[in-house]
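Chains as they are written, first to last, in our numbering: chain A, 124 to 259; chain B, 124 to 259; chain C, 124 to 259; chain D, 124 to 259.
For glycine and all other residues, C-beta sits at the position ideal for the given N, C-alpha and C.
The block underneath contains the structure these notes are about, expressed in C-alpha cells.
4 protein chains.
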Amino acid sequence: MFQLDIGDHRPLYEQIKEKIKFLIIGGILHDGDRIPSVRELAVDMTINPNTVARAYRELENDGFIYSQKAKGYFVSPRERIEKGSRDELTVRFTDAARELMYRGAACEELCEILHNIYKGGTDHGDVNGDGRIEEL
Amino acid sequence: MFQLDIGDHRPLYEQIKEKIKFLIIGGILHDGDRIPSVRELAVDMTINPNTVARAYRELENDGFIYSQKAKGYFVSPRERIEKGSRDELTVRFTDAARELMYRGAACEELCEILHNIYKGGTDHGDVNGDGRIEEL
Amino acid sequence: MFQLDIGDHRPLYEQIKEKIKFLIIGGILHDGDRIPSVRELAVDMTINPNTVARAYRELENDGFIYSQKAKGYFVSPRERIEKGSRDELTVRFTDAARELMYRGAACEELCEILHNIYKGGTDHGDVNGDGRIEEL
Amino acid sequence: MFQLDIGDHRPLYEQIKEKIKFLIIGGILHDGDRIPSVRELAVDMTINPNTVARAYRELENDGFIYSQKAKGYFVSPRERIEKGSRDELTVRFTDAARELMYRGAACEELCEILHNIYKGGTDHGDVNGDGRIEEL
DNA sequence: GTGGTCTAGACCACC
DNA sequence: GTGGTCTAGACCACT
Chain A
124 MFQLDIGDHR PLYEQIKEKI KFLIIGGILH DGDRIPSVRE LAVDMTINPN TVARAYRELE
184 NDGFIYSQKA KGYFVSPRER IEKGSRDELT VRFTDAAREL MYRGAACEEL CEILHNIYKG
244 GTDHGDVNGD GRIEEL
Chain B
124 MFQLDIGDHR PLYEQIKEKI KFLIIGGILH DGDRIPSVRE LAVDMTINPN TVARAYRELE
184 NDGFIYSQKA KGYFVSPRER IEKGSRDELT VRFTDAAREL MYRGAACEEL CEILHNIYKG
244 GTDHGDVNGD GRIEEL
Chain C
124 MFQLDIGDHR PLYEQIKEKI KFLIIGGILH DGDRIPSVRE LAVDMTINPN TVARAYRELE
184 NDGFIYSQKA KGYFVSPRER IEKGSRDELT VRFTDAAREL MYRGAACEEL CEILHNIYKG
244 GTDHGDVNGD GRIEEL
Chain D
124 MFQLDIGDHR PLYEQIKEKI KFLIIGGILH DGDRIPSVRE LAVDMTINPN TVARAYRELE
184 NDGFIYSQKA KGYFVSPRER IEKGSRDELT VRFTDAAREL MYRGAACEEL CEILHNIYKG
244 GTDHGDVNGD GRIEEL
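Here's what the structure looks like:
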C-alpha cells in the first residue's frame with residue numbers, strides 16, 4: 124500500500140497517519156472506501172498491530188475515517204472532514220509561504236502552484252514523495 | 124529576545140532554531156546583523172551554551188547565519204539563503220495547500236493569504252506565535 | 124575498526140566522519156550494515172560518546188547513515204546516498220583535475236586513474252590512507 | 124581582484140592562496156605576470172598585510188610565484204610549477220572520483236569532464252565559483 | 001571577549 | 001542495551 128520512510132525520526136503511527144491522509148486527500152481513497160484492517164496492514168508492513176491501531180484511532184479522531192464494528196474502517200464523507208479545524212493547517216501553509224517568499228519565490232509562482240492543485244483536484248500524483256505511484 | 128516554551132516537546136535547540144529563523148524571515152533580523160553570542164543567549168535563557176551552540180551550528184548549516192571566530196554569528200546575506208534548496212519547502216507548502224483544499228478552503232482564500240504575505244513583506248507580526256511581539 | 128590520528132589538526136569528529144565515509148565508499152560497509160554504537164566506538168577509541176554522536180549525527184545529515192532509536196546506526200541504502208547533491212563534489216573533482224593538468228598530468232593519466240577506480244569498484248584498498256588495511 | 128567567501132571557516136591566507144592559484148591555473152594570470160603587491164592587495168581587500176604576506180610566502184614555497192626584491196611578486200614559469208608534488212593532489216582527485224562513483228556518476232561522465240578541462244585549457248571560467256567572472 | 005572542541009556525567013524514551 | 005538531549009566545565013585559537 125505504501126512504504127514507510129526509513130530515516131524518518133517520527134513515530135511509526137505518525138507516518139502511517141500521514142500516508143493514509145495523503146491517499147484520501149490525493150483522491151486515491153474515496154468517501155466510503157474501506158481501508159485495510161488493522162491486522163491486514165500490520166501484517167503487510169510487518170509492524171505491530173497496536174501501532175496501526177493507534178494511527179487509525181487518531182485518524183478517526185481527526186475525522187478522516189470512521190469505524191464500523193466488525194466491519195472495519197472507512198473513509199469519511201468529505202463534508203465531515205471539512206469540518207475539522209483549519210487553523211493549524213493554515214499556520215503551516217503560511218509559514219511555508221513566508222519562508223518561500225524570503226528565499227526568493229515569486230508570488231505568481233506560488234499562486235500557480237495553488238491553481239495547479241485546484242485544477243487537478245483528483246490527480247493522484249506522487250503520493251509517497253519518492254517518485255513512485257503505488258497501487259492499493 | 125524570545126522565550127522558550129517549556130511544555131513544547133521539541134528539543135530546546137530546535138525551538139531556538141525556529142525562533143531565529145522566524146526573526147530572519149520576519150524581517151526583524153537583517154543581512155549582516157549580529158545575533159546574540161552563544162554565551163549571551165545561554166545566560167539570557169538560562170540554558171547551557173552547548174545547546175545554543177548546537178542551534179546556531181545547525182542554522183549555519185542551513186545557510187541562515189554564518190560565524191566568524193572571535194566575532195560572533197551574523198545573519199547571512201539574503202542571496203546566500205536564497206541559494207538553499209526550495210524543494211522540501213515547496214513540498215510542505217503544497218501538502219498544506221492540498222489538505223486545505225480538501226477541507227474546503229477556496230483557492231481565492233489561499234491566494235489572498237499569499238498576497239497579504241507578499242504585501243506586508245517586512246511586517247513583523249507575531250513572531251513567537253504566542254500572541255506577543257517582543258523587542259530585540 | 125580504525126584509528127584516529129593525533130597530530131591531525133582536524134577535529135576528532137571530522138576524522139571519524141571521514142573514516143566512516145571511506146568505509147562506505149570503499150565498499151567495506153554495505154547498505155543496511157549496522158555500524159558500531161555510539162558508546163561502543165567511544166570506548167573503542169577512548170574518546171567521549173558525545174564526540175562520536177556528533178560525527179554520526181552529521182553523517183546522518185549528509186545521508187550516509189541513518190539512525191533507529193534503541194537499535195543503532197545503519198548504512199543508508201545506496202539510492203539514498205546517490206540522491207545527495209553531487210555539485211560540491213564535482214567542483215572538488217574538477218579543481219583537482221585542473222590543477223593536475225596545469226602541473227603537467229596528461230589527460231590519459233587521469234582517465235586511467237578513473238578506469239582503475241571503476242574497474243575495482245569493490246576493492247577495499249588502503250582505507251585509512253596510512254598504508255595499512257585494517258579489519259572490522 | 125576577487126572576493127573572499129564569508130562563511131568559509133578556513134584562515135584568510137588559505138583562501139587568498141586558493142584564489143591566486145585558481146587565477147594562475149585558470150589561465151588568467153600567466154608566466155611572469157606581476158601580481159598585486161602585498162600592500163596593494165591588503166588595502167584592496169581591507170585585510171592585514173601580514174595575512175597577504177603569508178599567503179604569498181606559501182605560494183612562493185609551493186612554486187606558484189616568485190619574488191624579486193623591490194619589484195614584487197610574479198607568476199612562476201609553468202615548468203617550475205610542474206615540478207611540485209602531485210601526490211596530495213592525486214589523492215584529492217581520487218577521493219572525489221571515488222565518492223562520485225559511489226553516488227552514481229558514470230565513468231564516461233567524469234571522463235567527459237576531464238576532456239572538457241583539457242580541451243579548454245586556457246578558458247577562464249568561473250574562478251570564484253560564485254557565478255561571476257571578475258576582472259583583474 | 002568570541003566561536004569551537006572535547007570531556008564527563010546525567011536523564012529520557014524506546015525496545 | 002540504544003540513540004537523543006542537556007548540563008557543567010574545561011581548554012584552545014583568535015582579535
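Is the Cβ of D:HIS247 closer than 9 Å to any Cβ of chain C? Low confidence applies here, because D:HIS247 scores a pLDDT of 42, under 50, leaving its location unreliable; read the following figure in that light. Cβ-Cβ to chain C under 9 Å: no for D:HIS247.
If you drop the 5 nearest sequence neighbours on each side, which residues of the same chain put their C-beta closer than 8 Å to that of B:GLY186? For B:GLY186, where only same-chain residues beyond five positions count, the Cβ hits under 8 Å are SER199, ARG203, ILE204, LYS206 and GLY207.
Please report the residue range of the beta strand (DSSP E) in which A:PHE197 lies. If you look at A:PHE197, you'll find it in the beta strand (DSSP E) that goes 195-198.
Sort out for me which residues DSSP pairs B:SER190 with in a bridge. Answer by DSSP bridge pairing, in chain order: B:TYR196.
Please determine if the stretch 178-195 of chain D and the stretch 207-219 of chain C are in contact, where contact requires at least 3 C-beta pairs separated by less than 8 Å. Flag = no, the stretch 178-195 of chain D and the stretch 207-219 of chain C do not touch.
Less than 9 Å between CB atoms is the rule here; does D:HIS238 satisfy it with respect to chain B? False, the Cβ-Cβ gap to chain B never drops below 9 Å.
Cut-off 6 Å between Cβ atoms - residues of its own chain near B:VAL175, not counting five sequence neighbours on either side: Hits under 6 Å: VAL161, LEU164 and ALA165.
Can you list the residues of chain D that C:ALA219 reaches, using a CB-CB cut of under 7 Å? The contacting residues are LEU212, ARG215, PHE216 and ALA219.
Using only the alpha-carbon positions, how far apart do C:GLU235 and A:LEU182 sit? Their backbone Cα atoms lie some 58 Å apart in a straight line.
Can you tell me which of C:GLY227, C:ASN184 and C:HIS238 puts its alpha carbon nearest to the alpha carbon of D:ILE148? Comparing Cα positions, the closest option is C:GLY227.
Endpoints, the alpha helix (DSSP H) within which D:ILE129 is located: For D:ILE129, no alpha helix (DSSP H) segment is defined, and its DSSP state is neither H nor E.
Mind reading off the beta-carbon distance from D:ILE170 to D:LEU135? Whole number of angstroms is fine, and I expect it under 8 Å. With a Cβ gap of about 6 Å, D:ILE170 and D:LEU135 count as contacting.
Does C:ALA228 come within less than 9 Å of chain D when only Cβ atoms are used? It does; some Cβ of chain D falls within 9 Å.
What is the DSSP secondary structure of C:ILE158, reduced to helix, strand or coil? C:ILE158: strand per DSSP, three-state reduction.
Give the residues from the stretch 172-206 of chain D that approach chain C closer than 7 Å (Cβ to any Cβ), ordered along the chain. Taking 7 Å as the Cβ-Cβ cut-off against chain C, the residues of the stretch 172-206 of chain D that qualify are ILE204 and GLU205.
Exposure of B:ILE188, with buried meaning 16 or more beta-carbon neighbours within 10 Å: Flag for B:ILE188 reads buried.
DSSP on B:ALA176, reduced to helix/strand/coil? Under the three-state reduction of DSSP, B:ALA176 is assigned to helix.
Is there a Cβ of chain C sitting closer than 9 Å to that of D:GLY254, yes or no? Legend: pLDDT at D:GLY254 = 40, less than 50; position of this residue unreliable, value from coordinates given subsequently. By this cut-off, D:GLY254 is not an interface position.
Quick one: list the residues of chain C neighbouring A:ILE147, beta-carbon separation under 7 Å, in chain order. Ordered by position in chain C, no residue passes the 7 Å Cβ test against A:ILE147, which lies about 28 Å from the chain.
Determine, for B:TYR136, whether the minimum Cβ-Cβ distance to residues of chain A falls below 9 Å. No, its Cβ sits nowhere closer than 9 Å to a Cβ of chain A.
Which chain B residues are close to A:MET224, counting only those with a beta carbon under 9 Å from its beta carbon? In chain order: ILE148, LEU237, ILE240, TYR241 and GLY244.
D:MET124 - DSSP class collapsed to helix/strand/coil: Reduced to three states, the DSSP call for D:MET124 is coil.
So, helix, strand or coil for C:ASP185, using DSSP? DSSP places C:ASP185 in coil when its eight states are reduced to three.
Which one of B:GLY130, B:ASP218 and B:GLY243 has the shortest CA to CA distance from A:LEU237? When each option's Cα is compared against that of A:LEU237, the closest is B:ASP218.
Using the beta-carbon count (16 or more within 10 Å), is C:ILE139 buried or exposed? Buried, because 16 or more other Cβ atoms sit within 10 Å of the Cβ of C:ILE139.
Is C:ARG221 near D:ILE158, with beta carbons less than 9 Å apart? With contacts defined by Cβ atoms closer than 9 Å, C:ARG221 and D:ILE158 do not form a contacting pair.
Chain C residues whose Cβ lies nearer than 9 Å to that of D:LEU152: Near D:LEU152 there are no residues of chain C at all, since even the closest Cβ is about 12 Å away, more than 9 Å.
Nearest residue (CA-CA) to B:LYS142, options B:ASP156, B:GLY130, B:TYR179 and B:PRO172: Per the Cα distances, B:TYR179.
How would you label A:ILE151, buried or exposed, when you count the other beta carbons within 10 angstroms and need 16 or more for buried? Classification of A:ILE151: buried, given that the 10 Å Cβ count is 16 or more.
Just reading off the alpha helix (DSSP H) that C:MET224 is part of, what are its end residues? Element bounds for C:MET224: 210-225.
Taking its Cβ as the centre, do 16 or more other Cβ atoms sit within 10 Å of B:ARG177, making it buried, or is it exposed? The residue is buried, with at least 16 neighbouring Cβ atoms inside 10 Å.
Taking B:ARG209 as the query, report the chain A residues whose CB atoms sit under 7 Å from its CB, ordered along the chain. In chain order: LEU223, ARG226 and ALA228.
Would you please state the rounded distance, in angstroms, between the beta carbons of A:PHE197 and A:GLY155? I believe it to be under 8 Å. 6 Å between Cβ atoms; contact.
Using a C-beta cutoff of 9 Å, does C:LYS144 count as contacting chain D? So, interface residue.
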